[in-house]
Amino acid sequence: MWVVGLDMNEASSRTIGKTKLVLMQGDITRQSTDAIVNAANSGLMGGGGVDGAIHRAGGPAIKEECKQIVAKIGRLDTGKAVITTGGNLLSKYVIHTVGPIWHGGGHGEPDLLASAYRECLKLATERKLRSVSFPSISTGAYGYPVAEAAEIALKTVVSFLRSVSTTLEEVRFVLFDLGTYRVYSSALDRLEGKT
Ligand code: APR
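Okay, here's the thing in structure tokens:
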């Protein structure tokens, strides 16, 4: 007998200050938050993974604006963030950031990963956005171990939301596969001392 599984993507949410923090399994290119964050590379000309998915779904307008940015700043340094149109995406904006490539953890990777999340939140707040979606930055092609990355990502976002007055009413982590979702979910439970 064929059992058709419901599309029971897992999700959980907390409130931090005035902002709802959501963890969910899904495809970031289908989110309707004001902005979605792209795990880009310094050249900003697209790539594979979530970078490829966002450029494919968003269309050429995104790359056109990336070209203008590169013409101005040359390259986007690791840990920094820039914003472009969302093109054909449901989101109005894409915030591009570059996470660190994992080289074993002794080359400043944790601080650079924290900076990538913080710079995106600062940019979203400067632009008075109300909602933003993050992928799991650096844990794909850049090889960052997911458990360590999840702890840094959540600590950085929670401490920003607790200490900075922001227009953000919702921050989502949109995790592509169930395994990554579960690692983030346990990391958030640990952060809250639930386990
Ligand atoms: N929605 C949400 N998350 C996604 C999606 C998607 N559509 N597609 C992939 N992911 C997830 C991956 O499963 C992984 O958990 O995004 C996370 C980050 O993986 P990568 O996209 O490989 O990003 P990263 O590890 O930061 O490497 C960036 O890869 O694609 C190139 O140009 C990019 O050079 C840069 C590098």
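Numbered according to the working numbering, the sequence shown spans residues 2 to 196. A virtual CB, placed ideally from N, CA and C, is assigned to each residue, including glycine. Predicted model only: the values in this text are computed from it and were never measured.
By DSSP, does residue i sit in helix, in strand, or in coil?
i    : result
I102 : coil
Y143 : coil
H108 : coil
L45  : coil
E193 : coil
S33  : coil
R76  : coil
V71  : helix
V4   : Summary for V4: the model assigns pLDDT 48, below 50, so the residue's position carries little reliability; its value from the coordinates is reported in the next sentence. If DSSP states are grouped into helix, strand and coil, V4 belongs with coil.
Give a single yes or no on whether residue i has its beta carbon closer than 7 Å to a heavy atom of the ligand APR.
i    : result
N42  : yes
G109 : no
P136 : yes
F174 : no
T85  : no
S92  : no
I29  : yes
D52  : yes
A142 : yes
D178 : yes
S187 : no
How many angstroms separate the CA atom of residue i from the CA atom of residue j?
i    : j    : result
G100 : L24  : 20 Å
D178 : Q26  : 6 Å
T34  : I17  : 18 Å
L7   : D78  : Note that L7 has pLDDT 46, beneath the 50 cutoff, so the model's placement of it is unreliable and the number below is only indicative. Whole-angstrom Cα-Cα distance: 42 Å.
T168 : F161 : 12 Å
L155 : Q69  : 32 Å
L189 : V172 : 14 Å
K198 : S166 : Outside the displayed span of the chain (2 to 196) sits residue 198, for which this structure offers no information.
Y185 : V71  : 33 Å
L176 : S187 : 13 Å
L113 : E66  : 24 Å
Beta-carbon within less than 8 Å of residue i's beta-carbon, same chain only, minus the 5 sequence neighbours each way: which residues are those?
i    : result
R183 : E11
G87  : A36, I37, G59, I63, K93, Y94, V95
A54  : D28, I29, T30
D52  : N39, A40, A41, N42
Enumerate in chain order the residues of its own chain whose CB-to-CB distance from residue i is below 6 Å, with the five nearest sequence positions on each side excluded.
i    : result
A82  : I96, T98, E120, C121, L124
L152 : For the record, residue 152 in the displayed sequence is Glu; it is not Leu. Closer than 6 Å at Cβ, skipping near neighbours: A188.
Confirm, please, whether the CB-CB distance from residue j to residue i is below 8 Å.
i    : j    : result
A40  : S132 : no
G80  : A117 : yes
G44  : A142 : no
T181 : V158 : no
In its own chain, which residues sit with a C-beta less than 7 Å from the C-beta of residue i, not counting the 5 before and 5 after it?
i   : result
H56 : G47, I63, K64
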